[in-house]
Amino acid sequence: MKSLLKVMLILGGLFALTFVAGRLLGVLTVENVQALLEWAQRVDPAIVFGLVVLLLFADLFVAVPTLTITILAGVLIGFPAGAAAAITGMSLAAGTGYWISRVWGQKGVALLVKDADERASLTAIFQESGPVMILLSRAAPIIPEVTACMAGATRMPFATRRADRNADTNARDTPRFAIATEDFLR
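Here's what the structure looks like:
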């Protein structure tokens, strides 16, 4: 557990550094994002949609005010389009973080945790509790990116083969977060 916390805190710290750098440079302020989206709305609401997707995707690499962008999307282009843009951008960021970390994340974990047994323990712990962590992480800044990257680095399956409860012979691929939600709510 200690190794898992170590890796997640270091990863979270790296994401937090991008936020601090953006704030110190005055680039990623709430005011700048709001001004950009309001300008885009005057030009074309489709540009707002695209900017929201792009900004929320960029959150994987540079911390942006996610909640502000999501709320402004709804205010500027309406709930259905704003929700679609926010879900698309956040999903692209989470999926990209997962796949990048799935390819290169184990090397990073190996640099931080030298002992192979500790790495195996870290992987087992995250794969067991990771789906619930991913589900609950959406409510906090930086944590969604950390959990998406940890899921990839620990090679948590993107989807799980699971028998359909209504028909024993029918199987389907179920996203891990859906299984976690189901198990968590029981």
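So the sequence shown is numbered by the working numbering: it starts at 38 and just counts up by one. Just so it is clear, CB atoms sit at the ideal spot from N, CA and C, and this is done for glycine as well.
N-terminal and C-terminal residue of the alpha helix (DSSP H) that residue i is part of
i: Lys151; result: Lys151 -> no alpha helix (DSSP H), and no H or E assigned at all.
i: Met45; result: 39–62
i: Leu93; result: 82–95
For residue j and residue i, believed in contact at Cβ under 8 Å, the rounded distance
i: Ala110; j: Ala123; result: 5 Å
i: Ala153; j: Gly167; result: Not a contact, Cβ separation roughly 20 Å.
i: Thr125; j: Val67; result: Going by Cβ atoms, the distance from Thr125 to Val67 rounds to 21 Å, so no, they are not a contact pair.
i: Leu113; j: Val85; result: 5 Å
Residue i to residue j span [Cα, whole Å]
i: Gly115; j: Thr107; result: 11 Å
i: Gln143; j: Leu74; result: 37 Å
i: Ala83; j: Leu148; result: 43 Å
i: Phe56; j: Val99; result: 7 Å
i: Ile47; j: Gly119; result: 32 Å
i: Thr133; j: Arg79; result: 31 Å
i: Gly53; j: Ala77; result: Reading off the sequence, residue 53 comes out as Ala, not Gly. Ala53 and Ala77: Cα-Cα distance of roughly 28 Å.
i: Tyr135; j: Lys43; result: 19 Å
i: Glu169; j: Arg156; result: Note that residue 169 is Val in the sequence shown, not Glu. Roughly 20 Å between the two C-alpha positions.
i: Glu165; j: Leu129; result: 24 Å
i: Met38; j: Val146; result: 14 Å
i: Ser174; j: Leu159; result: 18 Å
i: Arg139; j: Val150; result: 17 Å
Simplified DSSP assignment, three categories, for residue i
i: Ala28; result: No statement about residue 28 is possible, as the shown extent of the chain runs from 38 to 223 and does not include it.
i: Ala196; result: strand
i: Gly100; result: Just to set this straight, residue 100 is Ala in the shown sequence, not Gly. Note: Ala100 maps to coil in three-state DSSP.
i: Thr107; result: helix
i: Leu74; result: helix
i: Thr191; result: coil
i: Thr160; result: helix
i: Leu65; result: coil
i: Asp220; result: Only weak support is given to the placement of Asp220: the predicted model assigns it a pLDDT of 47, under 50, and the question is left unresolved by the model.
i: Gly115; result: coil
Residue i Cβ short of 8 Å to the ligand PLP heavy atom set
i: Val67; result: Here there are no bound small molecules, and the ligand PLP is not part of this structure.
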